[in-house]
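Q: In terms of this note's numbering, the sequence shown opens at residue 20 and continues consecutively. Where is the CB? At the ideal position from N, CA and C, for every residue including glycine. This structure is a prediction, so every number in the text was calculated from the model and none was measured.
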Amino acid sequence: MGESPVIELAKERVVILDGAMGTQIQARELSPDDFDGYEGLNEILVKTRPDVIQDIHQSYVDAGADVIETNSFCANAVFLQKYGLADSAFELNEKAANLAKTVAHDCKLRPVFVSGSVGPTNRLPSLNQISRTEMFKAYCDQVSGLLAGGVDLLQIETCLDILQAQIAIEAANSAMKALSRPVPIICTVTINSQQTMLLGTTMAQAITAITTLPGVCAFGLNCCEGPHTMRPSLDQIAHLSSLPLAVLPNVGLPENINGVMSYNLGPYEFARVMHDFASEFGALFLGGCCGTTPAHIRELKNAVESMTPQKKC
């Protein structure tokens with residue numbers, strides 16, 4: 020696979036990814052009717068309220084994001100089974116990609132890339148809750164839909180189980196080969212305050228297991244308990260991995276204030292910490308996860324736009 024434009028961009032400067040999708044959907048206070056009977060399934064909104072999803076994408080483009088991510092985090096057949104929508108996985112992913120590509124294409128001032136969001140399922144293969152075969156097929160179908168919809172790269176994210184991450188990457192490569200459409204993969208895992216993944220995998224083990232897999236062009240962390248808890252693991256990744264570093268934290272832990280989930284890390288403080296990650300650890304792909312808003316991404320862009328890469332791609 021030749022170098023993609025987004026990887027080439029990372030050789031010139033820090034690439035700005037977008038922020039949260041789920042909490043931005045929640046902020047719009049949609050009605051049950053908007054979900055067409057599938058309340059809580061944000062991914063169905065690409066069909067029922069495409070205007071809302073495109074508005075969120077547009078808000079991140081306006082904030083300066085180089086990459087906007089599809090509304091497809093849980094759009095895999097394994098997760099969709101509980102809604103009776105397993106057979107709709109390809110369609111939902113293709114639609115999610117189409118919506119984001121339309122917004123990206125409409126930006127005439129600069130290139131905007133679309134990343135296909137691939138999240139975990141609700142079952143862990145390392146605990147024998149799902150077979151490798153079933154999970155592999157689910158991810159193949161999801162990635163095939165994203166590729167058909169025109170994504171420029173994939174984000175295999177919020178990986179809790181190292182085996183799940185490996186299967187997702189393997190399936191992504193299989194789908195790309197079948198469609199003769201290779202795109203780069205950014206893989207990010209999530210860790211707890213002990214700096215391990217959910218089942219105890221250490222960061223050194225995760226780096227070894229993931230960074231040598233075909234197609235993986237960047238590795239890092241997303242979600243977690245906020246950027247401050249990421250620092251020890253980011254230091255390890257910077258020293259042990261030769262791949263570009265991706266960082267997409269939550270803005271701290273949420274608090275329930277009068278029934279509304281609120282995050283306490285403001286845009287300026289978020290951007291300042293992320294600037295430090297780029298400076299100290301050479302992070303080249305920076306964005307946000309739960310609780311981040313277009314304001315966070317705008318401040319992030321302002322904080323790092325004059326920086327040059329500290330680490331070769």
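1) State the start and end residues of the unbroken beta strand (DSSP E) segment that holds residue 265.
2) Just reading off the alpha helix (DSSP H) that residue 296 is part of, what are its end residues?
3) Who are the near neighbours of residue 149 in its chain, counting only those whose CB is closer than 6 Å to its CB and skipping five residues on each side?
4) With a Cβ-Cβ cutoff of 8 Å, do residue 40 and residue 75 count as a contact?
5) So the candidates are 95, 120, 28 and 121; which of them puts its Cα closest to the Cα of residue 111?
6) Measuring only the C-alpha atoms, how far is residue 256 from residue 294?
7) Can you tell me the Cα-Cα spacing of residue 123 and residue 60, whole angstroms?
8) Alpha carbon to alpha carbon, how far is residue 128 from residue 218? Give it in angstroms, no decimals.
9) Following the continuous alpha helix (DSSP H) through residue 159, name the residue where it begins and the one where it ends.
10) What is the residue span of the beta strand (DSSP E) that residue 333 lies within?
11) On the DSSP bridge assignment, give the partners of residue 26 in chain order.
12) Exposed or buried, which one is residue 34 when buried takes at least 16 other CB atoms within 10 Å?
13) Am I right that residue 316 and residue 38 are in contact with their C-beta atoms under 8 Å? What's the rounded C-beta distance?
14) For the stretch 81-126, list the alpha helix (DSSP H) runs that are entirely contained and at least 4 residues long, ordered along the chain.
15) Which residues does DSSP pair with residue 239 in a beta bridge?
16) Under the assumption that residue 281 contacts residue 288 (Cβ atoms under 8 Å), give the Cβ distance between them as a whole number of angstroms.
17) The beta strand (DSSP E) with residue 176 in it runs from where to where?
18) Out of 301, 196, 32 and 157, point me to the one whose CA is closest to residue 106's CA.
19) Look at the alpha carbon of residue 180 and the alpha carbon of residue 210, and state the distance between them as a whole number of angstroms.
20) In chain order, what residues of the same chain lie with their CB nearer than 7 Å to the CB of residue 144, ignoring the 5 residues before and after it?
21) Report yes if the CB atom of residue 244 is closer than 8 Å to the CB atom of residue 207, and no otherwise.
22) Check for me: the beta strand (DSSP E) holding residue 323 runs from which residue to which?
23) On a Cα-Cα basis, can you pick out the residue from 115, 283, 251 and 259 that is closest to residue 227?
24) Is residue 266 near residue 284, with beta carbons less than 8 Å apart?
A: So, from the listed chains and residues:
1) Here residue 265 is taken as the residue at index 246 of the sequence shown, counted from 1. Run containing residue 265: 264-268, per the beta strand (DSSP E) assignment.
2) Looking up residue 296 in the sequence shown gives position 277. That run of the alpha helix (DSSP H) goes 286-300.
3) Residue mapping note: residue 149 aligns to position 130 of the sequence shown, counting from 1. For residue 149, where only same-chain residues beyond five positions count, the Cβ hits under 6 Å are 142.
4) For the purposes of this step, residue 40 is taken as the residue at position 21 of the sequence shown. For the purposes of this step, residue 75 is taken as the residue at position 56 of the sequence shown. Going by C-beta atoms, residue 40 is nearer than 8 Å to residue 75.
5) As a working mapping, residue 111 is identified with position 92 in the sequence shown. Closest in alpha carbon position to residue 111, among 95, 120, 28 and 121, is 95.
6) Position 237 of the sequence shown, counted from the start, is the residue given in the question as residue 256. Position 275 of the sequence shown, counted from the start, is the residue given in the question as residue 294. Those two C-alpha atoms are separated by around 17 Å.
7) Against the sequence shown, residue 123 aligns to sequence position 104. Against the sequence shown, residue 60 aligns to sequence position 41. Cα-Cα distance, rounded: 24 Å.
8) In the sequence shown, the residue the question calls residue 218 occupies position 199. In the sequence shown, the residue the question calls residue 128 occupies position 109. Going by the C-alpha atoms only, they are around 44 Å apart.
9) Sequence index remark: in the sequence shown, residue 159 carries index 140 (1-based). Taken as a continuous stretch (DSSP letters only), the alpha helix (DSSP H) holding residue 159 covers 151-167.
10) Lying outside 20 to 332, the shown extent of the chain, residue 333 is not represented and no answer is given.
11) Against the sequence shown, residue 26 aligns to sequence position 7. Beta-bridge pairing links residue 26 to no other residue.
12) One-based indexing of the sequence shown puts residue 34 at position 15. Buried, because 16 or more other Cβ atoms sit within 10 Å of the Cβ of residue 34.
13) For the purposes of this step, residue 316 is identified with residue 297 of the sequence shown, where counting begins at 1. For the purposes of this step, residue 38 is identified with residue 19 of the sequence shown, where counting begins at 1. A Cβ-Cβ separation of about 5 Å places residue 316 in contact with residue 38 under the 8 Å criterion.
14) 96-99 and 108-125
15) The residue given as residue 239 occupies position 220 in the sequence shown. In the DSSP output, where bridge partners are listed per residue, residue 239 has 207 and 265.
16) Counting from one through the sequence shown, the residue named residue 281 turns up at place 262. Counting from one through the sequence shown, the residue named residue 288 turns up at place 269. Contact doesn't hold; Cβ gap of about 15 Å is too wide.
17) In the sequence shown, counting from the first residue as 1, residue 176 sits at position 157. Per DSSP, residue 176 is one residue of the beta strand (DSSP E) stretching across 172-178.
18) On the sequence shown, residue 106 is found 87 positions in, with the first residue counted as 1. Among 301, 196, 32 and 157, the Cα nearest to that of residue 106 belongs to 157.
19) As a first step, residue 180 must be located in the sequence shown, where it is residue number 161. As a first step, residue 210 must be located in the sequence shown, where it is residue number 191. C-alpha separation (whole angstroms): 10 Å.
20) To locate residue 144, count along the sequence shown from 1; it is residue 125. Taken in chain order, the residues that qualify are 151, 154, 180, 182, 183 and 186.
21) Along the sequence shown, one-based indexing puts residue 244 at 225. Along the sequence shown, one-based indexing puts residue 207 at 188. Not in contact: residue 244 and residue 207 (Cβ atoms no closer than 8 Å).
22) The sequence position of residue 323 within the sequence shown is 304, counting from 1. Looking at the DSSP string, residue 323 is not in any beta strand (DSSP E); the run it does join, the alpha helix (DSSP H), is 313-323.
23) On the sequence shown, position 208 is the one that residue 227 refers to. Per the Cα distances, 259.
24) For the purposes of this step, residue 266 is identified with residue 247 of the sequence shown, where counting begins at 1. For the purposes of this step, residue 284 is identified with residue 265 of the sequence shown, where counting begins at 1. The answer is no: Cβ separation not under 8 Å.
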